[in-house]
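Numbering (UniProt numbering), first residue to last: 1 to 281.
Following this line, the structure appears as structure tokens:
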């Protein structure tokens, strides 16, 4: 495979496909429309996770604090009504089973990642705040990604208040966590970064990027999907090569099954080139 082959593969897909490949903390090996914004779907949850651990590092939030599990949220639109989530638009019954009880912030953060819980995400956003999430994107070096509303905030969505990511920004965030786990970095302490990578490695939805890897290869990753959108970003941890970051964002007419196959195919091709992922000249 050559990177030109992969460019041609993605250019042939109807819609917009973006990708970024490289070592953590280094210039990319290869990109394809990597700075094109896409609707974030659930990939924004990584920035929420990092905002919680930054607050823990600063001593402003204790992740082991138990907070109310409530399904009632203020809109990001100044004139929007409060809103509620629906269980059938979520992927995690465990958080809903605690409704009107309490749960630790740390546990909610884990459910937000490993089962992509929307309810946990909105609860955490209420505690960390949107400015803290914006700080995460900035500190990671993101250029275009924003997290401006909670999930299912229809009033904000109708007003154009939305969440955006790019493949380059997602790669920068995951790369910052990978580098930050080995030495002090801008996003969080090494202990917090290592903890976040462990949570991301436990993510249970594995039908896209992980599906292109050999069985047993660790990947600290998060994906996101809605109709017409399928994204994946992860730090792949080979046993025989240095780690690398792969981000793929798709906004296309593909079915979700076909979009997952596309991401898995890109992942498999990058895996085959894992020993030679040097920054592009």
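Just so you know, even glycine gets a beta-carbon here, dropped at the ideal spot from N, CA and C.
- Residue 253 is not a Cβ neighbour of residue 63, given a cutoff of 8 angstroms.
- About 7 angstroms separates the beta carbons of residue 95 and residue 69, which is inside the 8 angstroms limit, making them a contact pair.
- Note: residue 221 is bridge-paired with 234 in the DSSP secondary-structure output.
- One thing to note: residue 22 has its Cβ no nearer than 8 angstroms to the Cβ of residue 197.
- For the pair residue 73 and residue 150, the CB atoms are nearer than the 8 angstroms cut-off.
- With 16 or more other Cβ atoms from the protein chains shown falling within 10 Å of its own Cβ, residue 44 counts as buried.
- As the crow flies, the alpha-carbon of residue 242 is around 33 angstroms from that of residue 228.
- Counting only the Cα atoms, residue 240 lies some 34 angstroms from residue 164.
- Between residue 66 and residue 102, the gap from beta carbon to beta carbon is short of 8 angstroms.
- For residue 138, the enclosing alpha helix (DSSP H) covers residues 130–140.
- For residue 144, same chain residues with a beta-carbon under 7 angstroms away, outside a window of 5 residues either side, are 35, 37, 164, 166, 169 in chain order.
- In terms of CA proximity to residue 49, 134 leads the group 134, 156, 153, 268.
- Annotated three-state conformation of residue 18 is strand, per DSSP.
- Your pair residue 177 and residue 187 checks out as a contact, with CB atoms roughly 6 angstroms apart and the cut at 8 angstroms.
- A check of alpha carbon separations from residue 232 across 117, 218, 209 identifies 209 as the nearest.
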